[in-house]
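There are 2 protein chains.
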Amino acid sequence: MILSRRLRKSPYEKRAIENGASFFSLYNKMTLPMVYESYEKSYEHLCKHVQLWDVACQRQVEIVGPDALRLTELITPRDISKCAVGQCLYAPLCDEYGGIINDPIILRLAEDRFWLSIADSDVCLWVKGIAYGRGFDVKVFEPDVSPLAIQGPKADDLMADVVGAHTRDIRFFWFIDETVAGTPVKIARSGWSGKGGFEVYLQDSSRGEELWDLFWGVGQKYNVGPGAPNLIERIETGLKSYGADMTIDTNPIEAALECYIDIDKEAEYMCRDALVSVREKGESRRLVNLFIDGEDMAPMRSDWPVLSENGAKVGFVTSKVWSLKYETNIAFAMIDAPHIRPGTRVTIDAEGDVRSAVVRTDRWEST
Amino acid sequence: MILSRRLRKSPYEKRAIENGASFFSLYNKMTLPMVYESYEKSYEHLCKHVQLWDVACQRQVEIVGPDALRLTELITPRDISKCAVGQCLYAPLCDEYGGIINDPIILRLAEDRFWLSIADSDVCLWVKGIAYGRGFDVKVFEPDVSPLAIQGPKADDLMADVVGAHTRDIRFFWFIDETVAGTPVKIARSGWSGKGGFEVYLQDSSRGEELWDLFWGVGQKYNVGPGAPNLIERIETGLKSYGADMTIDTNPIEAALECYIDIDKEAEYMCRDALVSVREKGESRRLVNLFIDGEDMAPMRSDWPVLSENGAKVGFVTSKVWSLKYETNIAFAMIDAPHIRPGTRVTIDAEGDVRSAVVRTDRWEST
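Residue numbers (our numbering), protein chains in the order written: chain E, 383 to 749; chain Y, 383 to 749.
Structure below.
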């Protein structure tokens with residue numbers, strides 16, 4: 383991979399490389415360390431200990447000003463009026479057709495100030511365009527904020543040692559303000575794994591290494607390691623990835639995100655008509671969980687068609703991994719409505735590697 | 383680099399890899415082959431022969447409908463009313479503060495239909511937001527269009543052999559519609575080098591390999607090679623790269639793009655007040671060309687400060703390369719207005735590698 387000034391450097395990048403990051407992705411035009419040693423070893427460590435993740439590429443979009451709530455309501459079908467100051471909400475953002483633009487965690491910093499902690503698309507440009515077009519009295523910009531995730535079952539102990547025992551009381555999807563390593567941060571109980579932990583929102587990118595070093599040093603007694611969003615763990619946990627499992631061509635009902643939207647919320651929002659229509663007609667397709675038979679498969683590099691029993695194309699796989707927990711290939715797939723019932727048998731054509739698969743419930747447990 | 387469904391595959395990617403692409407970048411969330419053999423060998427080949435470039439990542443934003451011209455005018459200080467159907471215009475897009483959002487080539491496909499052939503940012507989202515906010519009667523979307531560039535001094539001969547002698551008459555920054563390799567394309571005389579050539583806008587991504595193979599086969603007699611936007615050639619030619627040499631924090635006057643804007647154009651546009659103000663006050667800084675003394679330097683991976691003779695920071699380098707033509711390090715740098723006169727001596731601190739440098743004219747020739 384060739385890097386240039388166009389591709390931004392994370393404040394933690396140096397530490398990630400020193401600790402053996404061997405493969406990177408790019409996310410919001412910033413480096414994202416993806417692999418240390420292997421997905422499998424990192425998964426096993428994450429399940430038992432605590433890891434520091436360089437997720438600075440999870441950039442923030444700040445919306446601040448008298449019309450901040452009105453604008454934030456407008457761009458999502460989630461009811462933002464229910465979000466207290468100090469709270470976070472996972473919220474799909476949707477355009478006027480219901481297409482998902484991004485799926486950030488929204489942090490409410492003040493009555494009239496929000497951060498969208500975003501997946502990989504230039505949400506800032508979209509929101510700026512809407513604010514300009516509507517003439518809203520807000521500022522929309524990307525602040526200098528770079529999250530460091532502390533994930534794993536020992537994250538609470540590590541955070542208590544570094545910041546104080548009161549951090550054990552931070553509720554899920556709430557955050558507090560602190561000064562850590564001499565620099566102001568927000569600490570949220572959140573993160574892109576099912577193993578618990580925090581995201582620390584650094585607000586001065588020149589202080590990344592000090593922040594990393596503090597958690598790294600204290601973390602030695604908890605067997606702290608470097609880590610990254612883990613493909614195996616995130617699919618087992620049911621976390622969907624924007625750009626892979628959902629795109630602008632997907633609405634949040636198809637993406638199985640019903641519990642994160644409030645179609646009948648009071649505030650004005652862009653995709654109301656589109657979602658009401660989907661609700662009335664029923665979705666034509668849906669993102670489901672699959673077990674795929676046989677040994678481990680090659681990584682996905684293109685769409686893999688999903689075929690019905692009579693050989694017709696009825697969908698496509700969106701993410702796939704070999705699960706260490708279930709000891710089989712697990713996948714998400716977008717499948718036409720007649721074929722989404724748990725227990726349905728389908729066929730996957732993985733560039734010539736043809737496999738049988740079965741639809742599971744969204745908790746994997748059963749067909 | 384780890385690839386997934388989130389990062390899109392170019393229709394030419396297979397051919398690029400088969401022909402020895404060894405380093406890739408990501409651009410608009412799509413792979414961009416950057417290096418075959420070396421920048422130097424590719425440069426020498428480009429200066430003499432003809433190359434096929436996989437630039438599918440130069441995505442299109444289509445704006446179509448009754449308000450298409452009004453919307454396209456709104457987002458750029460360039461006068462789009464002067465763009466005829468069949469013509470292309472290079473146009474910085476700017477927000478209401480004058481900040482550059484992108485610098486596409488705009489193709490006028492019809493009176494009420496445009497493509498923005500974009501650099502690396504989600505322009506589609508920004509334009510969608512503005513269109514929604516203003517209630518314009520347009521559709522804004524990314525069509526299935528993937529440019530293949532044919533660049534180099536023998537590009538005219540190759541195009542004439544493949545498509546017909548009439549392609550020699552395509553004027554600079556105009557395009558025609560053709561059917562090539564059995565699929566409809568637009569052929570523009572344009573491209574991101576100073577060596578001449580075309581961009582072929584494929585409109586069916588399933589046909590990329592056929593298109594490549596046709597030009598590749600016929601091109602054998604012209605010593606056709608695989609290629610890519612070349613860092614050496616583009617800086618020697620004076621081509622600025624969005625994200626490196628200009629960003630949302632740069633206005634088009636600072637970016638030395640005055641000849642591509644019409645501040646007093648008739649149509650409404652977002653950044654009029656901002657640019658009028660810059661014109662009145664004079665720009666506070668400007669992108670200039672530099673010669674940097676000494677041997678070749680390490681690649682840039684962070685901002686390199688530019689210091690005045692008294693050691694004060696007066697700017698930063700935005701792109702840098704060893705020039706084969708001038709046999710010295712050449713660079714673009716954003717420098718405070720008092721230090722931009724050709725001939726001014728400055729100092730570059732390249733992460734400890736301290737060098738003397740001199741401001742050149744924007745054609746490099748002289749101080």
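Even for Gly, the Cβ is constructed at its ideal location relative to N, Cα and C.
By DSSP's assignment, F698 of chain Y forms a beta bridge with Y:P687, Y:M716. If you draw a 10 Å sphere on the C-beta of C641 of chain E, you find fewer than 16 other C-beta atoms in it, and that means exposed. Bridge pairing for M628 of chain Y: Y:Y624 [DSSP].
Proximity of chain Y to T700 of chain E at the Cβ level (cut-off 7 Å) is accounted for by R387, in chain order. Counting C-beta pairs closer than 8 Å gives fewer than three between the stretch 477 to 491 of chain Y and the stretch 397 to 410 of chain Y, which falls short of the contact rule. At least 7 Å separates the CB of L498 of chain E from every CB of chain Y.
V505 of chain E sits close to N484 of chain E, with the two beta carbons spaced by under 7 Å.
With contacts defined by Cβ atoms closer than 7 Å, V606 of chain Y and V432 of chain Y form a contacting pair. With a contact defined as Cβ atoms closer than 8 Å, D502 of chain E and G625 of chain E qualify at about 5 Å. At a beta-carbon threshold of 9 Å, the residues of chain Y lying near G515 of chain E are G511, I512, A513, Y514, G515, R516, G517, F518, ordered along the chain. By the Cβ-count criterion, H548 of chain Y is exposed, with fewer than 16 other Cβ atoms from all chains shown falling within 10 Å of its own Cβ. The CB of E478 of chain Y comes closer than 8 Å to the CB of Y514 in chain E, given here in chain order.
Under the three-state reduction of DSSP output, T454 of chain Y falls in the helix class. Close CB contacts of V696 of chain E within its chain, under the 8 Å cut and outside five residues either way in sequence, are with V688, L689, S690, I717, D718, P720, H721, V728 (chain order). Between L669 of chain E and A713 of chain E, the C-beta spacing is not below 7 Å. Between A649 of chain Y and G480 of chain Y, the gap from beta carbon to beta carbon reaches 7 Å or more. Just so you know, the alpha carbons of E419 of chain E and S748 of chain E end up roughly 32 Å apart. Under the DSSP assignment, F523 of chain Y falls in the beta strand (DSSP E) whose first and last residues are 521 to 523. Chain E places a beta carbon closer than 7 Å to that of S503 of chain Y, counting this residue as a contact. In summary, the residues of the stretch 613 to 635 of chain E whose CB is separated from some CB of chain Y by less than 7 Å are S623, G625, A626, in the order they occur in the chain. In the DSSP assignment, the residues bridged to V741 of chain E are E:L672.
E:W574 is the residue among E:G515, E:W574, E:T632 whose C-alpha sits nearest the C-alpha of Q440 of chain E.
In the three-state DSSP reduction, G481 of chain E falls in the coil class, being neither helix nor strand.
Taking F557 of chain E as the centre and dropping the five residues before and after it, the same chain places the C-beta of G468, C470, L489, K568, I569, A570 closer than 7 Å to its C-beta, in chain order. For N401 of chain E and A537 of chain E, the gap between their C-alpha atoms comes out near 19 Å. Ranked by Cα distance from Q533 of chain Y, the first of Y:P415, Y:T561, Y:V582, Y:E455 is Y:V582. Around the CB of N671 of chain Y, 16 or more other CB atoms lie within 10 Å, so the residue is classed as buried. Of the residues E:D494, E:L456, E:C429, the one whose Cα lies closest to the Cα of I512 of chain E is E:L456. Look at L453 of chain E: its C-beta is not under 7 Å from any C-beta on chain Y. With its beta carbon less than 7 Å from one in chain Y, W508 of chain E belongs to the interface.
T413 of chain Y sits in a strand when the DSSP states are folded into three classes. Annotation: D586 of chain E to E560 of chain E spans about 13 Å, alpha carbon to alpha carbon. The residue from E:P448, E:A466, E:D449, E:Y472 with its alpha-carbon nearest to that of P459 of chain E is E:Y472. Short of 6 Å from the beta carbon of A732 of chain E, and not among the five residues preceding or following it, lie these beta carbons of its own chain, in chain order: M679, W686.
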